[in-house]
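**Student:** One structure coming up, written as structure tokens, with questions to follow.
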Amino acid sequence: MAPKLPPQQPLQTPAEQGNDGAATAGHVNEGYHHGPSGLMRWLLTTNHKEIGTLYLIFSLSMFFIGGIFALVVRAELFQPGLQLVQPEFFNQMTTMHGLIMVFGAVMPGFVGLANWMIPLQVGAPDMALPRLNNFSFWLLPVAFTLLLSTLLMPGGGPNFGWTFYAPLSTTYAPPSTTFFILSLHIAGISSILGAINIIATILNMRAPGMRMMDMPLFVWTWLITAFLLIAVMPVLAGVITMMLMDINFGTSFFNAAGGGDPVMFQHIFWFFGHPEVYIMILPAFGIVSAIIPTFARKRLFGYASMVYATSSIAILSFLVWAHHMFAVGLPLVAELFFMYTTMLIAVPTGVKVFNWIATLFQGSISFETPMLFALAFVVLFTIGGFSGLMLAIAPADFQYHDTYFVVAHFHYVLVPGAVFAIMAAVYYWLPKWTGHYPNERLGRWHFWTSVIGVNLTFFPMHFSGLAGMPRRIPDYALQFADFNMASSIGALLFGTSQLLFVLMIIKCVRGGEKAPAKAWEGAEDLEWTVPSPAPLHTFDTPPQFHHREG
Amino acid sequence: MWQVLKSVLAAFFGVQKDQQRKKDFEEGRPTAFIIVGLLMALVLVVGIFLLATTAAE
Amino acid sequence: MRNLAGVVAAIGGSVWLTRSALADGWNMPLGVTDVSRDIHGLHMTIFWICVVIGIVVFGVMFYSLFRYRRSKGAKSAHFHENTTVEVVWTAIPLLILVGMALPATATLKEMYDAEDADLDVMVTGQQWRWHYEYLGEDVSFISNMSTPRDQIDGAAAKGENYLLEVDQPLVLPVDRKVRFLLTSDDVVHSWWVPDLAVKQDAIPGFVNENWVRIEEPGTYRGQCTELCGRNHGFMPVVVEAVPPEEFDTWLAERKQAAAREASGVDREWGMDELMTRGQKVYESVCASCHQVDGSGNPPVFPALANNPALMEERDRHIATVINGVSGAPMPAFSSTLSPVEIAAVVTYERNAWGNETGDIVQPSEIQSQLE
Amino acid sequence: MTGVQRTVTRTVVVLLAMFVFAFALVPLYDVFCRITGINGKVENTAQAMVRDSIDESRVITVQFVTRAGAGLPWKLEVLNRQVRVHPGAATEVHFAFTNHGSTAGWGRAVPSVSPSEASLYMRKITCFCFQEQRLAAGERLEAPLVFQLTRDLPDDIKTVTLVYTLYPVDDKPLATKATSVVPGGET
């Protein structure tokens, strides 16, 4: 969060805002807007606020679709024996759950928040390339309709896991795999265009007087995430193009018969894969670094360390990829190399948690819903970080690899990590978007049911994994029965409690307690200087930003 | 140049003083930081590789 | 006071959780080899380190949440920078990790020394079973899951080793070093036995190696741990560790049985002899894809029952069983089934479920084809 | 050229570079495998023998295993399954291809060495695995393998296993291949 801002006079007097009625689904008020209305407005919008809303609604709907797939998986795993689905469909469900959640829910969720908040936080009127912004959003519904349609194709949808290892994903894959590749290309292009847009906005359109070092940490983490996206999405595009050529044009990149090598696939995929998981967590660091200081009413502890550490994490994230492949048959030297680099990267990542706790120390803390989610992020993400530290020990990883212990690890880092951070951001910025405070009671209910649901779902997975239950199996031996039953109940609880989240959003868009421009007492970033709800066009005349000394 | 190197090392370690950050951002050119950062990453890679080979004996 | 009760409950809860986590069935097995005990040691060491750091970190966090509540009128201080504290809390985890790196490197080096083994076993992963071959001993067999289908579908009660039982387990000697060579005939599989702490990917076209020295006789169960398609969850691993002398007699017996089988190839086999032997082979090897009643799962697994086209083309039927189908989960059974077994299973498939072709396939005919 | 355009062009350049880098990883991976010997990749071109004295003090057991990949009616057998060699000495081992199918075809033996580090010190002078073999129906072909384990083989390696997997060679892309050839089974 940027150094303390002197109180600034809101730029647009409320009178100027025109009628205040909330727009239809989009909670941005009409103001003096005169463009097309109704559906065409959303199709042709180049406004970063409307596109941000589109991204967030898309992300929420993908979150529910991916969630339903997860509930099918957990329902089948409720008891030993095959009760609901056949193994091939189960594999399709696990694969689609992974793909939809990673590429459809978490990434667009963060891009939506970036679209909404980066122009507001750097004092820019809009994103650098508004039309490109619209195009990169509308690529996503196309990509995911295509991906979801593969479930209905003969031979079924992708059933080789979201990591689509060859040769299961090339030689032995269902015929719909080519559509899977096309949809991943389109989603990849959308992320790349989004990243270009964000880099251009952050580097070139900051308010005069705001230098790189005055930017809030959310903007910093997103700049670094955008660099990661630019470096890594082309590698994903490369690997799926190689798959396409293997399947359709008779090459053998990954087919041992023709001189190829399946392990090469894993190397290239995870060279993309690990920076990708950092892409999914760095923006969450930015969000939590904005929320905790606000509700602790104290400046973020060690802002400089956070900026420097985040950039070093970005570089180190390219050196650790083979810790996903410890059991594939790497030579001893490679195992040692990747064990050491993985241990090294755990330090700057883990240490960031201490900065947040130091911010809390001797603060003056209040517990509104955004703060509750941010605190739950800190606690539960740290538990995920600890299991990550255990997985870094290569000899022990031979017992952990591809078991439910790994599933527990990455779900602790992703669900209470990225997803809780997105929800915290929504609770935190809803007053700015809609002009109303989210309903506190509903928010509390949603928070506590989600926290209990997340822990009930994923904590038992540590034990079923340690006891020897492999990943991605539709049925299991009797000794894992109780853990899986608990996980399935937890999953149901967590899934249904997200309906409270939707209810809260709808109520907040419609009405609720009016929110002033500076909705939270401790908030200090630039976005709190514009009125709530933020008018369609803000900062048309760039604000004069004057950083404070000390 | 030495200052850029020290800052990149601090970044790898993850700790930096605020006023040092202000100085870095005031004078330092971003490309210098990126190049030195990548070089340091290379040095780190070679260093750990040698460590791993010796450890493997 | 309400928060205090919450904190106490949380601590009590986590203590109960960690204590029960050490109970059997909740934690990583101690295992029956030096390597598995070392790994268990590393696992528990890093676990306790994380617990201690966790208690300290969350302690400070919950304390400040409790102590500096706004509702209690806490005024926020203005410090936001203290590099010495930051250096300390970065250096400590670094030292802990360096401390962990030393034993981990030692254990990893120990795990990578597969030299001077007394026995070499070739483990081959196929879509959805394991094939074991004792190198240089001419003894090799397929190990299929033996959990009956109706237990899986809920028609019958589940057995004690549900999904973790096979028809022919891998028999290994105790107190001898066994070197594993792992490869695969189709997709990437992974051979894992938690009690032996051996997990190694089987990659088509490449060979990996691993080793084990089992210290206690017993039955150790594991599963395939790399997604390999439809029946990934149904290709278990069962290792039967027996004292060395018992192993030698078992191996000698199997050698004679294989020799007898080989010699039996030339004699004339009767129809019912082939049918009984064929049914046993079919139900353990082929039923997992083509179903017990031969109905298959078209289009992925062709139906063998009432399939008139198949009945006409006897040679093509034999050729497909011997050479398999590239790019499909049908392996070349010439390298995993003996000529007698191939002849018996083809005869069975051509005369069961209403396919009354009356064809008899003699093992000698298969043997001559393979010459 | 506004600031935004300059940033965008630079980013696009980095993008294209990374895409090319993804494809450059394929040859890079091969070079990396040759240097470090990971994955047991063995040189698939003939190599000259290193002329140096034979190291009598050490005996290395070299095992040979042959496997039949699916879809090829061939068999590859090794006549002597295990040989004991001195590092530095060249050794010849005889393999036999038999095509017990009813039609001629192309096949290829893909080698793999374990432990993978040993592939750095395994020099193959002549090997049937260097090129694709063509066999008529019922034909049997004897093919020699002459190899040499160089003296600088690390002394902690005492057993080397060379596995050959036989694969069909056809240029038909996988997607158009019929998934099942059993008559009557829907393709």
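Residue numbers (my numbering), protein chains in the order written: chain U, -12 to 537; chain G, 1110 to 1166; chain F, 21 to 391; chain W, 2 to 188. Heads up, the beta-carbon is just placed ideally off N, CA and C, and yes, glycines get one too.
1. For my contact list, residue 251/U and residue 241/U are in at a C-beta cut-off of 8 Å; report their separation, rounded to the angstrom.
2. Please state whether DSSP places residue 238/U in a helix, a strand or coil.
3. Can you tell me which of 402/U, 499/U, 424/U, 530/U puts its alpha carbon nearest to the alpha carbon of residue 50/U?
4. Tell me, please, whether the region 65 to 75 of chain W touches the region 157 to 170 of chain W by the rule of three or more beta-carbon pairs shorter than 8 Å.
5. For residue 107/F, would you say it is in contact with chain G, using Cβ-to-Cβ distances shorter than 8 Å as the test?
6. Among the residues of its own chain, which have a CB less than 7 Å from the CB of residue 175/U, if the five just before and after it don't count?
7. Could you pull the start and end residues of the beta strand (DSSP E) that residue 163/F belongs to?
8. Going along the region 297 to 312 of chain U in order, which residues come within less than 9 Å of chain F, judged by CB to CB distance?
9. Once you ignore the five residues that flank residue 364/U on each side, which residues in its own chain have a CB closer than 8 Å to its CB?
10. Can a CB atom of chain W be found closer than 8 Å to the CB of residue -4/U?
11. For residue 103/U, does the count of other Cβ atoms within 10 angstroms reach 16, so buried, or fall short, so exposed?
12. Is the Cβ of residue 124/F closer than 8 Å to any Cβ of chain W?
13. Could you round the C-beta distance between residue 218/U and residue 278/U to whole angstroms and report it? I think they count as a contact, below 8 Å.
14. At what residues does the beta strand (DSSP E) containing residue 151/F begin and finish?
15. Using a Cβ cut-off of 8 Å (strictly closer), state whether residue 339/F contacts chain W.
16. Between the Cα of residue 393/U and those of 440/U, 359/U, 322/U, 311/U, spot the shortest distance and give me the residue it belongs to.
17. Shorter than 8 Å from the beta carbon of residue 140/F to some beta carbon of chain W?
18. With a threshold of 8 Å between beta-carbons, can residue 330/U be considered close to chain F, or not?
19. Mapping DSSP to helix, strand and coil, what is residue 547/U?
20. Would you check if there are 3 or more beta carbon pairs closer than 8 Å linking the region 1139 to 1146 of chain G to the region 306 to 320 of chain U?
21. Exposed or buried, residue 319/F, counting other C-beta atoms within 10 Å across all chains shown (16 or more means buried)?
22. Ignore the nearest five residues each way along the sequence and tell me which others in residue 207/U's own chain have a CB closer than 6 Å to its CB.
23. Any C-beta of chain G within less than 8 Å: which residues of the region 287 to 308 of chain F qualify?
24. Could you work out which residues of chain F lie near residue 87/W, taking near to mean beta carbons separated by less than 7 Å?
25. Mind checking whether residue 143/U and residue 163/U have CB atoms under 8 Å apart?
26. Thinking C-alpha only, which one of 457/U, 337/U, 213/U is nearest residue 187/U?
27. Which residues, in chain order, does the region 152 to 171 of chain W contribute to contact with chain F at a C-beta distance below 8 Å?
28. Which residues mark the beginning and the end of the alpha helix (DSSP H) in which residue 191/U is found?
29. At which residue ranges does the region 63 to 109 of chain W contain complete beta strand (DSSP E) runs of 3 or more residues, listed in the order of the chain?
30. Would you please verify whether the beta carbon of residue 462/U is less than 8 Å from any beta carbon of chain F?
31. Any beta-carbon of chain F closer than 8 Å to the one on residue 1122/G?
32. Is it a yes or a no for the region 170 to 187 of chain F touching the region 122 to 136 of chain W, going by three-plus beta-carbon pairs under 8 Å?
33. For residue 138/W, I'd like the list of residues in its chain whose CB is within less than 7 Å of its CB, leaving aside the five on either flank, ordered along the chain.
34. Would you kindly check if the distance between the Cβ of residue 77/F and the Cβ of residue 400/U is under 8 Å?
35. Determine which residues of the region 71 to 103 of chain W have a Cβ less than 9 Å from any Cβ of chain F, and write them out in chain order.
36. Which residue comes first and which comes last in the alpha helix (DSSP H) that contains residue 152/W?
**Tutor:** Let's see:
1. Rounded to whole angstroms, the Cβ separation of residue 251/U and residue 241/U is 7 Å, and the two are in contact under 8 Å.
2. coil
3. Taking each of 402/U, 499/U, 424/U, 530/U in turn and checking the Cα distance to residue 50/U, the smallest one comes out for 402/U.
4. Contact holds: three or more Cβ-Cβ distances are below 8 Å.
5. yes
6. 220, 223, 224
7. Here the beta strand (DSSP E) through residue 163/F covers 159 to 163.
8. 312
9. 271, 275, 403, 404, 407, 408, 411
10. Its pLDDT being 44, under 50, residue -4/U is placed unreliably in this model, and the coordinates cannot settle the point.
11. buried
12. For residue 124/F, the answer is no, since every Cβ of chain W falls outside 8 Å of its Cβ.
13. 28 Å between Cβ atoms; not a contact.
14. 149 to 154
15. yes
16. 311/U
17. Yes, residue 140/F lies at the interface with chain W (some Cβ there is under 8 Å from its Cβ).
18. yes
19. There is no way to answer for residue 547/U, as the model of chain U reaches only from -12 to 537.
20. no
21. exposed
22. 294
23. Near chain G, meaning a CB-to-CB distance below 8 Å, no residue of the region 287 to 308 of chain F qualifies.
24. Residues of chain F passing the Cβ test: none, with the nearest at roughly 17 Å.
25. For residue 143/U and residue 163/U, yes; Cβs fall inside 8 Å.
26. 213/U
27. The region 152 to 171 of chain W vs chain F, Cβ under 8 Å: 157, 158, 159, 160, 162, 164, 166, 168, 169.
28. 164 to 191
29. 75 to 79, 83 to 86, 91 to 100
30. yes
31. yes
32. no
33. Correct list, in chain order: 100, 102, 103, 104, 105.
34. no
35. Contact annotation: in the region 71 to 103 of chain W, residues whose CB is within less than 9 Å of a CB in chain F are 71, 72, 73, 74, 75, 76, 82, 83, 99, 101, 102, 103.
36. It is not in any alpha helix (DSSP H) - residue 152/W carries neither H nor E in the DSSP assignment.
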